Amino acid sequence: GRGVKSSSVSRSAIAEPSFTADNCVSASPTKKRSGALAYNDCIIFSVTVTSLIWASAWLKHEFGTQGATWAIAAGGLADAHSAIASAGSLVHAGEIDVDSGALAILAALSSNAAMKIVVAAATGGARFVRELAPPLVLSVLAAAGVLLFSPSWLTATP
Numbered sequence: 114g115r116g117v118k119s120s121s122v123s124r125s126a127i128a129e130p131s132f133t134a135d136n137c138v139s140a141s142p143t144k145k146r147s148g149a150l151a152y153n154d155c156i157i158f159s160v161t162v163t164s165l166i167w168a169s170a171w172l173k174h175e176f177g178t179q180g181a182t183w184a185i186a187a188g189g190l191a192d193a194h195s196a197i198a199s200a201g202s203l204v205h206a207g208e209i210d211v212d213s214g215a216l217a218i219l220a221a222l223s224s225n226a227a228m229k230i231v232v233a234a235a236t237g238g239a240r241f242v243r244e245l246a247p248p249l250v251l252s253v254l255a256a257a258g259v260l261l262f263s264p265s266w267l268t269a270t271p
């Protein structure tokens, strides 16, 4: 069996992202944060977003919109925040259309949820997966439902 200590560490690592844009905001000079990690979080977040944007743009150039979608989905394996920011940047720049961006975001959320479930199984066992998987799956299904029933998808023609 696993001890409480390793289980709580696993839960924390899976349930909370290691870095987000919120961490960067809290690192501003006017808001002091204890420790130097906030600045490191900002650098990691910025490099990750930039790398995903470049990779997505290159794959879009080489393979079309599907290439960008796959790159964003792959980015979601490591960090959904960066992948979603990349998709938004590509939509804003006109590199991909809004519907493709929405689909890429759903792919990033799905791959991130799947990775969390795999890590939960590896670190906390079946009991941990039973606790973690239902809310993750429901959140992805909710996002898919919103996308499916959005006005642009309801009126789209193949």
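Numbering (my numbering), first residue to last: 114 to 271. Here a beta-carbon is modelled for each residue, glycine too, at the ideal position from N, C-alpha and C. Quick caveat, the model's predicted, so the values are computed rather than measured.
Residue 221 beta carbon less than 7 Å from that of residue 193: For the purposes of this step, residue 193 is identified with residue 80 of the sequence shown, where counting begins at 1. For the purposes of this step, residue 221 is identified with residue 108 of the sequence shown, where counting begins at 1. Yes.
In chain order, what residues of the same chain lie with their CB nearer than 7 Å to the CB of residue 259, ignoring the 5 residues before and after it? Taking the first residue of the sequence shown as 1, we reach residue 259 at position 146. So no residue of the chain qualifies.
For residue 175, three-class secondary structure by DSSP: On the sequence shown, position 62 is the one that residue 175 refers to. Of the three classes helix, strand and coil, the one that applies to residue 175 here is helix, per DSSP.
From 235, 228 and 163, pick the residue whose C-alpha is nearest to that of residue 253; which is it? Here residue 253 refers to the residue found at position 140 of the sequence shown. Checked all of 235, 228 and 163; the closest Cα to residue 253 is 228.
Can you give, in chain order, each stretch of the alpha helix (DSSP H) that sits fully within the region 180–240 and has at least 4 residues? 193–205
What is the DSSP secondary structure of residue 158, reduced to helix, strand or coil? Working through the sequence shown from its first residue, we reach residue 158 at position 45. Note: residue 158 maps to helix in three-state DSSP.
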